[in-house]
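These notes concern the structure reproduced below.
Protein chains: 2
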Amino acid sequence: MEESSILEKLCLFGMTRQEANIYLCLYQCGELTGYEVAKQTGISRSNVYSALSSLADRGAAYLAEGSTSKYIAVPIEEFCNNKIRQLNTEKEFLLKNIPTIKSQEIGYLTITGYKNIKDKVINMLREARLRVYLSASASFIQELEEELLETLARKNKLVLITDQVLKNDVLRSESVCYIGEEKGNSVRLIIDSSYALTGELLGKKEDTCLYTGQENFIRIFKDALRNEMRLIELTKGEK
Amino acid sequence: MEESSILEKLCLFGMTRQEANIYLCLYQCGELTGYEVAKQTGISRSNVYSALSSLADRGAAYLAEGSTSKYIAVPIEEFCNNKIRQLNTEKEFLLKNIPTIKSQEIGYLTITGYKNIKDKVINMLREARLRVYLSASASFIQELEEELLETLARKNKLVLITDQVLKNDVLRSESVCYIGEEKGNSVRLIIDSSYALTGELLGKKEDTCLYTGQENFIRIFKDALRNEMRLIELTKGEK
DNA sequence: ATTTAGTAGTTCTTTATAGGAACACTATAA
DNA sequence: TTATAGTGTTCCTATAAAGAACTACTAAAT
């Protein structure tokens, strides 16, 4: 349902489910008393009152003072921006104050969960300073469109090996693009000949991939990609 | 303590306290097995194992696969950025999909909590398109330095009424700045002659302020500020 | 007297934390 | 070689804290 997915998103910003419900109710109805909110949402009044004051504490609702106190929802953009700004501040603090990491070679790491893998891919792309080889289905590359454009904007060489002609013009013209056979769900990525990632992505929590900075592995991995490109050149021709 | 404040910040990014502890431990020690983490932190082993897999799910730890599985902390910047990027995505979704707000006049709203009030001030400054009048202690203005500079950068007229000469050169030269008597904790703000905020800020959760878009109030409020400025001009002279 | 507004308190459920028990594996000392 | 200690992991129970549901009570406004 539309409704419940909105509620989930709101929860990500730190509300409980009940608070999210009440926030949404305020959002739709405007100024309401606790009593009215309870009527609208079916949530017991006692909880409504405590949730309302908690929403006010979190900066998600304002109090419209009068003879009787009514609450009003803080505009969603304002609320989200506040939260995000806060996290940025906390991030800066953490960067300064966290005890230094014991630097260590990156061996072979397993990353689990589709979202985390995609995050890693994005972070790798952002680290790229020279060249990026990416082999993946066209649909996955489409998902990364923005990031890839930024990678290009930072003057990286970008080589894409995929299974369908890409929709994006800039991507098509500014990257070297090989169109080969069906990629399925496999993703392979090499950054600056220093880091590599490979895995089968189904979009699920159970997805796993291998990430490494080991030279030997990367050398072999690069050869494999290079061969794939040659093969495509020989059979269908470079796109 | 340093330690515990770092833990709290990490919790803001969605970890439980225990997970934060373990994350920090991984951060300091590098690659560790669950067993080792338990030894280091004193957390029971069973909980360590579940917390570790939960950290991996959240994208805060990677698995360094080997004969025995070791975990390694995801660099803090990477982790924070992922979270913030996610929230930005969720924000966009919410902006598009949330049922439209019932537009209503802004009456008199009470905002509670120092942090929320400061957030509102920041949001008001960002909305400004013409002019900003701000009366507050020099220390509070210092806290808002960045935001005020951006307000100026957007070609707004900025009038500051405060109690000490400001440190920031740009702020001093590009805004109209009145130095009067001790401001204490009172803050007054008018944006584009349309919105006003006033309150006493002690930096606590109990702080409250009044925010309004009511014309009558703003007119009176503006007069009050104007008088204050005249008074300063007559006694000490404009700075 | 009934609707509205608000507070207080109880119960139930879920999540977070704490710890024990069991099991498998690997060193190494007797 | 086998007993013993140490390591790595999973599963299961117990307690504590947070969230949610619901009931009861007060008090003003209609």
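Line by line, the protein sequences are chains A and B. According to my numbering, the first sequence is numbered sequentially starting from 218. According to my numbering, the second sequence is numbered sequentially starting from 218. Each residue gets a CB set at the ideal place from its N, CA and C atoms; glycine is no exception.
Out of the options, point me to the one whose CA is closest to residue i's CA.
| i | options | result |
| --- | --- | --- |
| A/Q245 | B/I315, B/N299, B/I293 and B/G283 | B/I315 |
| B/E248 | A/L326, A/Y252 and A/E309 | A/L326 |
| B/S271 | B/A290, B/V376, B/G401 and B/K256 | B/A290 |
| B/D409 | B/G420, B/G430 and B/K422 | B/G430 |
| B/A281 | B/Q303, B/R302, B/G251 and B/N298 | B/G251 |
| B/I328 | B/V349, B/L347 and B/D424 | B/D424 |
| B/G397 | B/L448, B/A345, B/I437 and B/E322 | B/L448 |
| A/N333 | B/K300, B/N264 and B/K287 | B/K300 |
| B/D386 | B/L366, B/N433, B/K374 and B/T415 | B/L366 |
| B/R443 | B/K422, B/Y350 and B/N373 | B/Y350 |
| A/G274 | B/L361, B/N402 and B/Y331 | The question names Gly, yet the displayed sequence has Asp at residue 274 of chain A. Among B/L361, B/N402 and B/Y331, the Cα nearest to that of A/D274 is on B/Y331. |
| B/L400 | B/S352, B/S392, B/L361 and B/I435 | According to the sequence shown, residue 400 of chain B is Lys rather than Leu. Comparing Cα positions, the closest option is B/S352. |
| B/C394 | B/V382, B/S403 and B/N402 | B/V382 |
| A/S261 | A/N238, A/N298, A/G276 and A/D380 | A/N238 |
| A/G259 | A/A370, A/I339, A/Q235 and A/S390 | A/Q235 |
| A/L388 | A/Q359, A/Y279, A/I407 and A/T285 | A/Q359 |
| B/S403 | B/K384, B/A355 and B/Y240 | B/A355 |
| A/L369 | A/F434, A/R348 and A/F357 | A/R348 |
| A/I435 | A/V254, A/S411, A/S392 and A/F357 | A/S411 |
| A/I407 | A/E417, A/K439 and A/S390 | A/K439 |
| A/Y288 | A/G416, A/E253, A/S263 and A/K313 | A/E253 |
| B/R371 | B/K384, B/S392, B/D380 and B/C426 | B/S392 |
| B/E322 | B/N340, B/G283 and B/E432 | B/E432 |
| B/C426 | B/E445, B/S263 and B/V338 | B/V338 |
| B/N340 | A/C297, A/D380 and A/T317 | A/C297 |
| B/K453 | B/A441, B/S390 and B/D380 | B/D380 |
Have a look at residue i and residue j and give me their C-alpha separation to the nearest angstrom.
| i | j | result |
| --- | --- | --- |
| A/T306 | A/R405 | 34 Å |
| A/A225 | B/S221 | Note that residue 225 of chain A is Glu in the sequence shown here, rather than Ala. Their Cα atoms are separated by approximately 29 Å. |
| B/V376 | B/A413 | 14 Å |
| B/Q303 | A/C242 | 25 Å |
| B/L342 | A/Q257 | 35 Å |
| B/I378 | A/G420 | 56 Å |
| B/I437 | B/F230 | 43 Å |
| A/E362 | B/E363 | 32 Å |
| A/A268 | B/I223 | 28 Å |
| A/Y428 | B/I293 | 18 Å |
| B/A345 | B/K335 | 16 Å |
| B/E295 | A/F310 | 14 Å |
| A/N373 | A/G324 | 25 Å |
| B/S286 | A/K308 | 29 Å |
| A/L279 | A/M232 | It is worth fixing the name first, because residue 279 of chain A is Tyr in this sequence and not Leu. Going by the C-alpha atoms only, they are around 15 Å apart. |
| B/G276 | A/K422 | 11 Å |
| A/L312 | B/Y240 | 14 Å |
| A/E445 | A/L451 | 10 Å |
| B/L227 | B/F357 | 27 Å |
| B/E417 | B/A255 | 48 Å |
| B/G283 | B/Y266 | 16 Å |
| A/K384 | A/S390 | 11 Å |
| B/T317 | B/S263 | 47 Å |
In the DSSP output, what is residue i paired with across the bridge?
| i | result |
| --- | --- |
| A/T306 | For A/T306, which the question treats as bridged, DSSP gives no partner whatsoever. |
| B/I408 | B/V349 and B/Y412 |
| A/E417 | A/S403 |
| B/L241 | None; B/L241 has no bridge partner. |
| A/C394 | A/L377 |
| A/K332 | According to DSSP, which records beta bridges pairwise, A/K332 is partnered with nothing at all. |
| A/L280 | A/Y288 and B/T327 |
| A/L442 | Bridge partners of A/L442: none, in fact. |
| A/R427 | Note on identity: in this sequence residue 427 of chain A is Leu, with Arg being the wrong assignment. DSSP output for A/L427 lists A/T327 and A/T415 as bridge partner(s). |
| B/Q249 | Per the sequence shown, the amino acid found at residue 249 of chain B is Leu instead of Gln. Partner(s): B/Y288. |
Give a single yes or no on whether residue i has its beta carbon closer than 7 Å to a heavy atom of the ligand GTP.
| i | result |
| --- | --- |
| B/K256 | The ligand GTP is absent from the structure shown, which contains no ligand whatsoever. |
What residues in the region 226-246 of chain A have a beta carbon less than 8 Å from any beta carbon of chain B?
K226, L227, L229, F230, L241, Y244, Q245 and C246
Chain A contacts from the region 268-284 of chain B (Cβ-Cβ distance under 7 Å)
Listed by position, the residues of the region 268-284 of chain B near chain A (Cβ gap below 7 Å) are A273, D274, G276, Y279, L280, A281 and E282.
Of the residues that make up the region 288-316 of chain B, which ones have a beta carbon closer than 8 Å to any beta carbon in chain A?
Listed by position along the chain: I289, A290, P292, I293, E294, E295, C297, N298, N299, K300, I301, R302, Q303, L304, N305, E307, K308, F310, L311, L312, N314, I315 and P316.
Taking a Cβ distance cut-off of 8 Å, strictly less, list which residues of the region 429-449 of chain B are near chain A, in chain order.
Within the region 429-449 of chain B, not one residue has a Cβ closer than 8 Å to any Cβ of chain A.
Taking beta-carbon pairs under 7 Å, can you tell me which members of the region 333-345 of chain B lie near chain A?
N333, D336 and N340
Contact list for the region 377-389 of chain B against chain A, Cβ threshold 8 Å
The residues in question: there are none.
Residues of the region 320-331 of chain B whose Cβ lies closer than 9 Å to any Cβ of chain A, in chain order:
S320, Q321, I323, G324, Y325, L326, T327, I328, T329 and G330
Going along the region 256-268 of chain A in order, which residues come within less than 9 Å of chain B, judged by CB to CB distance?
none
Please list, in chain order, the residues of the region 403-421 of chain B that have any C-beta partner in chain A closer than 7 Å.
The residues in question: there are none.
Output needed in chain order: residues of the region 357-379 of chain B with a Cβ under 7 Å from some Cβ in chain A.
none
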